[in-house]
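Heads up, the thing below is written out as structure tokens.
If you want it as structure tokens, here you go:
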């Protein structure tokens, strides 16, 4: 994922799309491996898109697709792939129909796409989502980002994709220092299950949450249960 | 900033330290240029730290500094700088004093640091914060991350740092398409002011927020006021 926006890096706006994309990809069995956040700079965007798209199956950009001077993601993606920015006749027609006589040059900038882009739509989301090869250009506004995700899912979540990740968890009052040898044993025994340990600060209900993640639910549950079986009396506080 | 953690990339935990660090750096006049989020993998961390520390004044890592198998930031940073992971006698002494007879090998892992690290403390935060050269190793737990920031600020915010960034904003009912020519004029006239335009979705109070940021408040205000003077009657809805 590539998040574009000075407003995120200045702390004026809290990033709100990463967790939503992450959870959606997880349901599709797709591992989100890397997120980069850069400023509104054509060269920075072009550099990242070139690198991410060459080394990952899919890339999702968030932000910088509006009509103003600080919206440079389309230019950055075009530069990454060595293509021109062109106006999509289809999108231009939709904008003219929508704005009618009030339509300005500014509005028509929203029809600009990297040359060679696919325009992805669904029955519900008729305003196109731009995709250039394996790179999806999504808007930064959280409400609109969420609206567009079903279009992405419909396109990339079809036949041949891996099974969804499942997750289970155990909550304990023991601290991580005490749990470490038990964790090491379950990690060694279940190489296909990803085990995470997360200390909680000042929570009366528990001190450590241990998570078990994988694509095979039987193995994930076996790892969780093997871990629980090693715990001393009085633990765990809760499992899920 | 380098955020480390499978839990962020899986959407199980929402990233909560970026905006806090960003705002603190802004008060110090330091521009946060780039954030990368990677999984709990030594090589991924080492690669990023090497690259970020070579190309930026300061690097801040968040997460992966606990004692369990999935805490690999210290190993990653050590690998980035080509040094060993060693136990700090000072931190080991503090851990032994704190845990007493209950102290385990697991607890003592929290004394591990990349060799050659500085241990930064303050009167209020006596548990050391690890810094290796220009790279600060901060914990991922949001409450602890916030506790440590004053130590960072005391060390890097001293004499010789640039002046703080200031920010002002204007809210309008006009959309970005209509505002674009006005924005272009103010951007061209105030090269030293960063102008951002942010559409709001379904907010009855305004449709577009335009922000003006820079180190020189007089110039920031001049840019804002020049922009407001170009607006038609009935705008703006509000300035700040």
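Protein chains in written order, with the working numbering: chain A, 866 to 1105; chain B, 866 to 1105.
For glycine and all other residues, C-beta sits at the position ideal for the given N, C-alpha and C.
Quantities reported herein were computed from a predicted structural model and do not represent experimental measurements.
Beta strand (DSSP E) segment containing residue i, residue limits
i: residue 977 of chain A; result: 977 to 979
i: residue 1078 of chain A; result: 1073 to 1079
i: residue 946 of chain B; result: Unbroken run through residue 946 of chain B is the alpha helix (DSSP H), 938 to 946; no beta strand (DSSP E).
i: residue 903 of chain A; result: 899 to 903
i: residue 1003 of chain A; result: 1000 to 1003
Three-state secondary structure assigned by DSSP to residue i
i: residue 969 of chain A; result: coil
i: residue 1061 of chain B; result: strand
i: residue 951 of chain B; result: strand
i: residue 933 of chain B; result: coil
i: residue 896 of chain A; result: coil
i: residue 1055 of chain B; result: coil
i: residue 1085 of chain A; result: helix
i: residue 1096 of chain A; result: coil
i: residue 885 of chain A; result: helix
i: residue 1091 of chain A; result: helix
i: residue 872 of chain B; result: helix
Residue i - containing alpha helix (DSSP H), residue span
i: residue 1113 of chain B; result: Here chain B has residues from 866 to 1105 only, and residue 1113 of chain B is not among them.
i: residue 1007 of chain A; result: 1007 to 1021
i: residue 917 of chain B; result: 907 to 920
i: residue 1068 of chain A; result: Segment: none, residue 1068 of chain A is in no alpha helix (DSSP H) and carries neither H nor E.
i: residue 974 of chain B; result: Per DSSP, residue 974 of chain B belongs to no alpha helix (DSSP H) and is neither H nor E.
Test item: CB-CB of residue i and residue j under 8 angstroms
i: residue 886 of chain A; j: residue 925 of chain A; result: yes
i: residue 1048 of chain B; j: residue 1035 of chain B; result: no
i: residue 932 of chain B; j: residue 1041 of chain A; result: yes
i: residue 1076 of chain A; j: residue 1032 of chain A; result: yes
i: residue 1002 of chain A; j: residue 910 of chain A; result: no
i: residue 900 of chain B; j: residue 902 of chain A; result: yes
i: residue 970 of chain A; j: residue 937 of chain A; result: no
i: residue 1019 of chain A; j: residue 1051 of chain A; result: no
i: residue 1078 of chain B; j: residue 1030 of chain B; result: yes
i: residue 1015 of chain B; j: residue 990 of chain B; result: yes
i: residue 1013 of chain B; j: residue 1038 of chain B; result: no
i: residue 929 of chain B; j: residue 870 of chain B; result: yes
i: residue 927 of chain A; j: residue 1022 of chain A; result: no
i: residue 1094 of chain A; j: residue 1058 of chain A; result: no
i: residue 948 of chain B; j: residue 913 of chain B; result: no
i: residue 883 of chain B; j: residue 898 of chain A; result: no
i: residue 876 of chain A; j: residue 891 of chain B; result: yes
i: residue 953 of chain A; j: residue 984 of chain A; result: yes
i: residue 881 of chain B; j: residue 1007 of chain B; result: yes
i: residue 1102 of chain B; j: residue 1056 of chain B; result: no
Per DSSP, the bridge partner or partners of residue i
i: residue 1034 of chain A; result: A/1076
i: residue 1043 of chain A; result: Answer by DSSP bridge pairing: none, since residue 1043 of chain A is not bridged.
i: residue 985 of chain B; result: B/994
i: residue 867 of chain A; result: A/901 and A/926
i: residue 1103 of chain A; result: A/1036
The ligand ADP heavy atom lying under 7 angstroms from the CB of residue i
i: residue 866 of chain B; result: The ligand ADP is not part of the structure shown, which contains no ligands of any sort.
Contact the stretch 866 to 879 of chain A vs the stretch 916 to 925 of chain A: 3+ CB pairs below 8 angstroms: yes
Validate contact between the stretch 951 to 963 of chain A and the stretch 975 to 992 of chain A using beta carbons, cut 8 angstroms, 3 pairs: yes
Meets three-Cβ-pair contact criterion under 8 angstroms: the stretch 983 to 997 of chain A and the stretch 1061 to 1073 of chain B: no
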